[in-house]
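The next block holds one structure in the form of C-alpha cells; read it before the comments.
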Amino acid sequence: MALKIYGIAASRAIRPLWAAEELGLPYEHLRWHYEGPETREPAYLAINPNGTVPAIDDDGVVLFESLAITLHLAQTRPAGGLWRDSARGVGEIYQWTLWAASEIEPLARQWFHHTSFLPPAQRVEAIATSAIDKLQQRLQTLDRHLSDREWLLGDAFSVADLNLAAVLQRLKDMARSELPHARAWHQRCLARPAAQRAWALRSQG
Ligand SMILES: N[C@@H](CCC(=O)N[C@@H](CS)C(=O)NCC(=O)O)C(=O)O
Numbered sequence: 034m035a036l037k038i039y040g041i042a043a044s045r046a047i048r049p050l051w052a053a054e055e056l057g058l059p060y061e062h063l064r065w066h067y068e069g070p071e072t073r074e075p076a077y078l079a080i081n082p083n084g085t086v087p088a089i090d091d092d093g094v095v096l097f098e099s100l101a102i103t104l105h106l107a108q109t110r111p112a113g114g115l116w117r118d119s120a121r122g123v124g125e126i127y128q129w130t131l132w133a134a135s136e137i138e139p140l141a142r143q144w145f146h147h148t149s150f151l152p153p154a155q156r157v158e159a160i161a162t163s164a165i166d167k168l169q170q171r172l173q174t175l176d177r178h179l180s181d182r183e184w185l186l187g188d189a190f191s192v193a194d195l196n197l198a199a200v201l202q203r204l205k206d207m208a209r210s211e212l213p214h215a216r217a218w219h220q221r222c223l224a225r226p227a228a229q230r231a232w233a234l235r236s237q238g
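Residue 69 in our numbering is what sits at position 36 of the sequence shown, and the numbering runs on without skipping anything.
Dropping the structure here:
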C-alpha cells in the first residue's frame with residue numbers, strides 16, 4: 034500500500050490516522066506500541082531516528098512529527114479539502130498548527146503527565162497546577178476567536194482544526210471555565226465521521 038502509518042491509535046498516531054480518514058486515503062496501519070519492541074529496532078529507527086510514533090512512509094516520503102505529517106497529507110491531497118490555496122489560508126494553517134505545538138501541547142502534556150500518566154510517586158502537583166493555569170488564558174484566546182466562526186479558518190474544516198482539536202483532545206478536562214465556543218467547536222471536530230473512525234481504532238490497539 035502506498036501509505037504506511039506507524040503507531041498505535043492510542044498515541045499521537047491518532048493525528049495522521051484522522052487525517053487519512055478525512056482524506057479517504059487507503060493506508061496500512063502498523064500498530065506498533067510507543068514502548069516497543071518494534072520501535073526500538075534498527076529498521077524503525079531508520080524511519081524515525083527518534084524511536085517515537087507516529088511516522089509515515091508515503092510512497093517513499095518518510096516523515097516523523099505528527100503535525101508535520103498531517104500538514105503533508107493535507108497539502109499533497111488538495112482535493113481532500115483540508116488545505117487552502119491562498120497565502121492567507123496557508124499562513125493561518127501554519128499559525129494554528131504551530132500554536133498547538135508550541136503554546137498548547139507542552140502545557141497539556143505537563144498537566145496530563147503530572148495528574149494521570151506518571152506513576153503517582155513521580156507526579157508534582159505544582160507543575161500540573163502551573164500548566165493548567167497558563168493554559169486557561171490560551172483557551173480563552175481560542176474561545177474568542179471561535180465566537181463568530183464555525184471553524185478556525187472560517188466556514189470550512191481544515192487541517193488546522195484537525196491539528197488543534199487533536200492536541201486539545203482533553204479539552205473538557207482542562208477547561209476551568211465555560212468556553213462555549215471552544216467546546217462546541219471541539220465537539221464538532223470530534224463528531225466528524227472521520228474522527229469517529231480514527232478514534233474507534235483505539236479500541237483495536
Ligand atoms: N512531537 C512528536 C512526539 C512523538 C512522541 O513522543 N510520541 C510518543 C507516543 S504519543 C512516543 O512515541 N513515546 C515513546 C518514547 O518517547 O520513547 C510528535 O508529535 O510526533
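All residues carry an ideal CB built from backbone N, CA and C; glycine is no exception.
Remember, predicted model here, so these are calculated numbers, not experimental data.
- Between A159 and W144, the beta carbon gap of about 12 Å keeps them out of contact (Cβ cut-off 8 Å).
- Closest option to A53, judged by alpha-carbon separation, among R221, A79, A112, T85: A112.
- The shortest C-alpha to C-alpha distance from A228 to any of P153, R48, G69, A133 is the one to R48.
- For L212, the closest C-alpha among the options A42, H66, S180, W232 is that of S180.
- For A217, the closest alpha carbon among the candidates A233, L175, P59 is that of L175.
- Straight-line measurement puts the Cα of H178 at about 38 Å from the Cα of G93.
- In the three-state reduction of the DSSP assignment, V94 falls in the strand class.
- Annotated as proximal: L186 and E125, with beta-carbon spacing under 7 Å.
- For A88, the secondary structure class from DSSP, reduced to helix, strand or coil, is strand.
- In this chain, the alpha helix (DSSP H) harbouring E125 covers 120–132.
- Taking the Cα of L223 as reference, the smallest distance to any Cα among P139, Q237, L197 is reached at L197.
- Going by beta carbons, Y39 and L58 fall outside the 7 Å limit.
- By alpha-carbon distance to E136, the top candidate from R110, E183, E98, I165 is I165.
- Taking all protein chains in view, the Cβ of E74 is surrounded by fewer than 16 other Cβ atoms within 10 Å, so the residue is classified as exposed.
- For L63, the three-state secondary structure derived from DSSP is strand.
- Residues H146, H147, T148 of the same chain have their beta carbon placed closer than 8 Å to that of R156, with the five preceding and five following residues left out of the count.
- Rounded to the nearest whole angstrom, the CA to CA distance from S236 to A43 is 8 Å.
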